[in-house]
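Quick note on numbering: the working numbering labels position 8 of the sequence shown as 8, and the sequence is numbered without any gaps. Here the structure comes first, spelled out in C-alpha coordinates, and everything after it is commentary.
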Amino acid sequence: MDLVLLLVLIIIIAFFYKDFKNVVYFLGIVEIFFRLIHFFGDHLKVPELNQIINKYIPSSLIDILAKYSSGLLYDLLLWLLFICFVFFEVHLIRYFFKRN
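Okay, here's the thing in C-alpha coordinates:
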(Lines of atoms letter the chains of each structure in order from A; the text may use other names.)
(Lines give C-alpha, C1' and ligand atoms only; values in the text may rest on other atoms or scores of the structure.)
Protein backbone atom coordinates (compact mmCIF):
# COMPACT_ATOMS: atom_id res chain seq x y z
CA MET A 1 0.00 0.00 0.00
CA ASP A 2 2.83 2.38 0.80
CA LEU A 3 4.34 1.96 -2.67
CA VAL A 4 0.99 2.64 -4.35
CA LEU A 5 0.45 5.76 -2.25
CA LEU A 6 3.96 6.99 -3.00
CA LEU A 7 3.54 6.42 -6.75
CA VAL A 8 0.17 8.18 -6.80
CA LEU A 9 1.64 11.18 -4.97
CA ILE A 10 4.61 11.31 -7.37
CA ILE A 11 2.23 11.22 -10.34
CA ILE A 12 0.08 13.98 -8.82
CA ILE A 13 3.15 16.16 -8.17
CA ALA A 14 4.46 15.56 -11.69
CA PHE A 15 1.06 16.25 -13.25
CA PHE A 16 0.35 19.50 -11.42
CA TYR A 17 3.83 21.00 -11.42
CA LYS A 18 5.10 19.51 -14.72
CA ASP A 19 8.68 19.85 -13.55
CA PHE A 20 11.14 17.12 -12.58
CA LYS A 21 12.62 19.44 -9.94
CA ASN A 22 9.38 19.33 -7.92
CA VAL A 23 9.34 15.53 -7.98
CA VAL A 24 12.91 15.54 -6.68
CA TYR A 25 11.95 17.98 -3.92
CA PHE A 26 8.97 15.77 -3.03
CA LEU A 27 11.19 12.67 -2.75
CA GLY A 28 13.62 14.59 -0.54
CA ILE A 29 10.78 15.82 1.67
CA VAL A 30 9.32 12.33 2.03
CA GLU A 31 12.72 10.82 2.86
CA ILE A 32 13.44 13.44 5.51
CA PHE A 33 9.92 13.04 6.93
CA PHE A 34 10.33 9.25 7.28
CA ARG A 35 13.67 9.64 9.01
CA LEU A 36 12.39 12.35 11.38
CA ILE A 37 9.38 10.25 12.39
CA HIS A 38 11.60 7.25 13.13
CA PHE A 39 14.10 9.38 15.04
CA PHE A 40 11.21 10.80 17.07
CA GLY A 41 9.80 7.34 17.80
CA ASP A 42 13.19 5.87 18.75
CA HIS A 43 14.18 8.69 21.09
CA LEU A 44 10.86 9.46 22.75
CA LYS A 45 11.11 6.24 24.80
CA VAL A 46 7.42 5.36 24.46
CA PRO A 47 7.43 1.70 23.40
CA GLU A 48 3.83 1.68 22.15
CA LEU A 49 4.39 4.70 19.91
CA ASN A 50 7.65 3.26 18.62
CA GLN A 51 5.94 -0.03 17.75
CA ILE A 52 3.21 1.81 15.83
CA ILE A 53 5.75 3.90 13.94
CA ASN A 54 7.88 0.86 13.09
CA LYS A 55 4.85 -1.12 11.98
CA TYR A 56 3.06 1.45 9.80
CA ILE A 57 5.67 3.96 8.62
CA PRO A 58 8.65 2.88 6.52
CA SER A 59 12.01 4.18 7.73
CA SER A 60 13.07 5.39 4.28
CA LEU A 61 12.28 5.25 0.58
CA ILE A 62 14.94 2.57 0.24
CA ASP A 63 12.94 0.35 2.60
CA ILE A 64 9.89 0.74 0.38
CA LEU A 65 11.93 -0.24 -2.67
CA ALA A 66 13.45 -3.21 -0.84
CA LYS A 67 10.00 -4.39 0.25
CA TYR A 68 8.57 -4.54 -3.27
CA SER A 69 11.52 -5.33 -5.54
CA SER A 70 14.68 -7.39 -5.69
CA GLY A 71 17.61 -8.19 -7.92
CA LEU A 72 18.36 -6.07 -10.95
CA LEU A 73 15.11 -4.07 -10.66
CA TYR A 74 15.98 -3.17 -7.06
CA ASP A 75 19.48 -2.06 -8.10
CA LEU A 76 18.08 0.04 -10.93
CA LEU A 77 15.52 1.69 -8.66
CA LEU A 78 18.19 2.39 -6.04
CA TRP A 79 20.38 4.11 -8.61
CA LEU A 80 17.42 6.17 -9.85
CA LEU A 81 16.69 7.19 -6.27
CA PHE A 82 20.36 8.02 -5.78
CA ILE A 83 20.31 10.24 -8.87
CA CYS A 84 17.20 11.98 -7.56
CA PHE A 85 18.96 12.62 -4.24
CA VAL A 86 21.98 14.04 -6.08
CA PHE A 87 19.66 16.43 -7.94
CA PHE A 88 18.00 17.30 -4.62
CA GLU A 89 21.38 18.09 -3.09
CA VAL A 90 22.41 20.21 -6.08
CA HIS A 91 19.17 22.20 -5.90
CA LEU A 92 19.61 22.75 -2.16
CA ILE A 93 23.18 23.95 -2.63
CA ARG A 94 22.14 26.30 -5.44
CA TYR A 95 19.32 27.68 -3.32
CA PHE A 96 21.63 28.16 -0.36
CA PHE A 97 24.16 30.18 -2.35
CA LYS A 98 21.51 32.22 -4.18
CA ARG A 99 19.98 33.31 -0.89
CA ASN A 100 23.25 34.58 0.61
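The beta carbon of each residue, even a glycine, is placed where N, CA and C say it ideally should be.
Residues near residue i in its chain [Cβ-Cβ closer than 6 Å; skip 5 each side]
i, result
"Pro47", "none"
Range covered by the alpha helix (DSSP H) that runs through residue i
i, result
"Asp63", "61-68"
Residues of its chain near residue i, where Cβ-Cβ distance is below 7 Å and the 5 sequence neighbours each way are ignored
i, result
"Tyr17", "none"
Rounded Cβ spacing between residue i and residue j (contact assumed at less than 8 Å)
i, j, result
"His91", "Val24", "7 Å"
"Tyr68", "Leu5", "So it is not a contact: roughly 12 Å between Cβ atoms."
Residues of its chain near residue i, where Cβ-Cβ distance is below 8 Å and the 5 sequence neighbours each way are ignored
i, result
"Ile64", "Asp2, Leu3, Leu6, Pro58"
"Asp42", "Asn50"
Pairs of beta-carbons, one from the stretch 33-42 and one from the stretch 85-97, closer than 8 Å: are there three or more?
no
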